[in-house]
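Chains A and B, in that order, are what the protein sequence lines are. If you're matching positions, the first sequence starts at -7 in this note's numbering and goes up one per residue. If you're matching positions, the second sequence starts at 186 in this note's numbering and goes up one per residue. Glycine residues also receive a C-beta, built at the ideal position from the N, C-alpha and C atoms. Below is one structure; the comments refer to it alone.
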Amino acid sequence: DGGITQSPKYLFRKEGQNVTLSCEQNLNHDAMYWYRQDPGQGLRLIYYSQIVNDFQKGDIAEGYSVSREKKESFPLTVTSAQKNPTAFYLCASSTTATSGNTIYFGEGSWLTVV
Amino acid sequence: AQKITQTQPGMFVQEKEAVTLDCTYDTSDPSYGLFWYKQPSSGEMIFLIYQGSYDQQNATEGRYSLNFQKARKSANLVISASQLGDSAMYFCAMREVNTGGFKTIFGAGTRLFVKA
């Protein structure tokens, strides 16, 4: 089935460690996104990519890094520079053919700093 | 600058009644899209409805309709005949096409409670 796969679903990180969240899509979408959601809050854009080998910072990019080496993959690294990384992370994708595209989401990854 | 505002942190509605969730936006891009998503307690994001900036008519999808007032920059979601299963967080989102490079941002959300 087509969709977006995020892994792991739950991740624990020690302070000072980098962790990478995986996001893979088989929808043949050009655009991919990473959002952060804190409990009871909205989604905040971390990074987005419109095409392979290109990506832009969102509103809260500090302490995060991404790569887009393949169309289907958009991994997010939460670095030790991110001071409060405990949150729910959502990956999404969409086509860029027209503005009227549904944005498809993965099931999310819960990151907890211990 | 691209901005989305949802001013209602929480809303209550009686089962079978209609409810309107507010959303205002700000953009200088003439080409943009507006979305509404539902997020139940499970965390999944469920697409509800879409409105393009050039669409002449308000979008409708079953019990959901989008009241698009372009001059006022508002895109309110109307849910008719509320059901208990409609209790969830609802997010408004906007994508800028020309200037934003498909940058898509979300509002803070409105939590809807449907009462039996």
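{"Item": "What's the call for Thr295 (chain B), buried or exposed, on a 16-neighbour Cβ count within 10 Å?", "Value": "buried"}
{"Item": "Can you tell me whether Val304 (chain B) is buried or exposed? The criterion is at least 16 other CB atoms within 10 Å of its CB, across all chains shown.", "Value": "Nothing about residue 304 (chain B) can be reported from this structure: the residues present for chain B run from 186 to 301 only."}
{"Item": "Which of the three DSSP states, helix, strand or coil, is assigned to Asp46 (chain A)?", "Value": "strand"}
{"Item": "Counting only beta-carbon atoms, is Gly228 (chain B) nearer than 8 Å to chain A?", "Value": "yes"}
{"Item": "So if DSSP puts Met274 (chain B) in a beta bridge, which residue, or which two residues, is it bridged to?", "Value": "B:Gln224 and B:Arg296"}
{"Item": "Bridge partners of Val58 (chain A), per DSSP?", "Value": "A:Leu68"}
{"Item": "Does the beta-carbon of Ser250 (chain B) have 16 or more other beta-carbons within 10 angstroms, so that it is buried, or is it exposed?", "Value": "buried"}
{"Item": "Touch check for the region 97 to 106 of chain A and the region 282 to 301 of chain B: three-plus C-beta pairs under 8 Å?", "Value": "no"}
{"Item": "Using a 10 Å radius around the Cβ and a threshold of 16 neighbouring Cβ atoms, would you call Leu68 (chain A) buried or exposed?", "Value": "buried"}
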